[in-house]
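Q: Here the working numbering = 1-based position in the sequence shown + 14.
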Amino acid sequence: EIDNNSLATAIKVATQLEGEKEYQKDTEKVKLAEEELIKKDPRLYMQTIVDAIKDRLEDAGIKVDVRYDLKKGKGKYVGYNFDDMEERLQHFQASKVKLIKKIGEVTEKVKKDIKTIQEQLKSFKSGVNAYLDSFYQKDKAKIDKLENDLINSLSTNQTDSPNKTP
15 EIDNNSLATA
25 IKVATQLEGE
35 KEYQKDTEKV
45 KLAEEELIKK
55 DPRLYMQTIV
65 DAIKDRLEDA
75 GIKVDVRYDL
85 KKGKGKYVGY
95 NFDDMEERLQ
105 HFQASKVKLI
115 KKIGEVTEKV
125 KKDIKTIQEQ
135 LKSFKSGVNA
145 YLDSFYQKDK
155 AKIDKLENDL
165 INSLSTNQTD
175 SPNKTP
């Protein structure tokens, strides 16, 4: 006859593998072991299942603090429960919307800055100041390229604007 701790260990491993091919091969054996441990020590069985689920969640990257009151047979999930997960999801979605809005605001500011620079370049190019005109004539190719880059940047930002909320 198998002792309770060995049964608990086998059940814990089987619970962690639930859904895997290894588990599907031995479902009947697992059920028999569960039934036997439930008869012999129901509290150990409950604790084993809670521990196995906790370990599986943590393996998946979900941190869980589970406290199980064996005397009362009630589990209490601390820090993560289903209502809390719904709240966290709503908070995450709200944060995402705020972030998208901020990106949109920054994009709008960049667009305004580009337009301001374009206007300053036009003013610079058509200015009556002889010193600035000589500077423009000397570096005309670079300044025209800069202006074209700004125009292209602005048109690209208008088509790929991130301020559209999903």
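Note that beta-carbon positions come from the ideal geometry of N, C-alpha and C, so glycine has one too.
1. Inspect the beta-carbon positions of ASN18 and LYS53 and report whether they are closer than 8 Å.
2. Can you tell me whether DSSP reads ILE16 as helix, strand or coil?
3. Secondary structure at GLU32, three-state DSSP: helix, strand or coil?
4. Roughly how many angstroms lie between the CA atoms of LEU46 and GLU72, to the nearest whole one?
5. For my contact list, THR62 and LYS26 are in at a C-beta cut-off of 8 Å; report their separation, rounded to the angstrom.
6. Return the Cβ separation of ALA22 and LEU58 in integer angstroms, given the expectation that the two are a contact with Cβ distance under 8 Å.
7. From the DSSP output, in three-state form, read off ASN162 for me.
8. Using the rule of at least 16 other Cβ atoms within 10 Å of the residue's Cβ for burial, across every protein chain shown, is VAL64 buried or exposed?
9. Does the beta-carbon of ALA66 have 16 or more other beta-carbons within 10 angstroms, so that it is buried, or is it exposed?
10. Return helix, strand or coil for SER167, following the three-state DSSP convention.
11. Can you tell me whether DSSP reads ASP73 as helix, strand or coil?
12. Over what stretch of residues does the alpha helix (DSSP H) that includes SER148 continue unbroken?
13. So, are the CB atoms of GLN132 and LEU164 less than 8 Å apart?
14. Can you give me the Cβ contacts of LEU51 inside the same chain, cut-off strictly under 8 Å, excluding the 5 residues immediately before and after it?
15. What runs of the alpha helix (DSSP H), each 4 residues or longer, lie entirely inside the segment 37 to 64?
A: In short:
1. Looking up residue 18 in the sequence shown gives position 4. Looking up residue 53 in the sequence shown gives position 39. Not in contact: ASN18 and LYS53 (Cβ atoms no closer than 8 Å).
2. As a first step, residue 16 is located in the sequence shown; it is residue number 2 there, counting from the start. Three-state result, ILE16: coil.
3. Position 18 of the sequence shown, counted from the first residue, corresponds to residue 32. The answer is coil: DSSP assigns GLU32 none of H, G, I, E or B.
4. For the purposes of this step, residue 46 is taken as the residue at position 32 of the sequence shown. For the purposes of this step, residue 72 is taken as the residue at position 58 of the sequence shown. Whole-angstrom Cα-Cα distance: 27 Å.
5. Looking up residue 62 in the sequence shown gives position 48. Looking up residue 26 in the sequence shown gives position 12. The Cβ separation is near 5 Å, so the contact holds.
6. Your numbering for residue 22 matches position 8 in the sequence shown. Your numbering for residue 58 matches position 44 in the sequence shown. With 8 Å as the limit, ALA22 and LEU58 qualify as a contact, their Cβ atoms being about 5 Å apart.
7. Walking along the sequence shown from the start, residue 162 turns up at place 148. Judged by DSSP in its simplified three-state form, ASN162 adopts helix.
8. Within the sequence shown, the letter at position 50 stands for residue 64. With 16 or more other Cβ atoms within 10 Å, it is buried.
9. Along the sequence shown, one-based indexing puts residue 66 at 52. With at least 16 other beta carbons inside 10 angstroms of its own, ALA66 counts as buried.
10. Here residue 167 corresponds to residue number 153 of the sequence shown, with the count starting at 1. Of the three classes helix, strand and coil, the one that applies to SER167 here is helix, per DSSP.
11. Here residue 73 refers to the residue found at position 59 when the sequence shown is read from its first residue. Reduced to three states, the DSSP call for ASP73 is helix.
12. Your numbering for residue 148 matches position 134 in the sequence shown. Unbroken alpha helix (DSSP H) run through SER148: 144 to 152.
13. Along the sequence shown, read from residue 1 onward, the residue named residue 132 stands at position 118. Along the sequence shown, read from residue 1 onward, the residue named residue 164 stands at position 150. For GLN132 and LEU164, yes; Cβs fall inside 8 Å.
14. To locate residue 51, count along the sequence shown from 1; it is residue 37. Correct list, in chain order: ASN18, LEU21, ALA22, ILE25, LEU58, TYR59 and THR62.
15. 41 to 54
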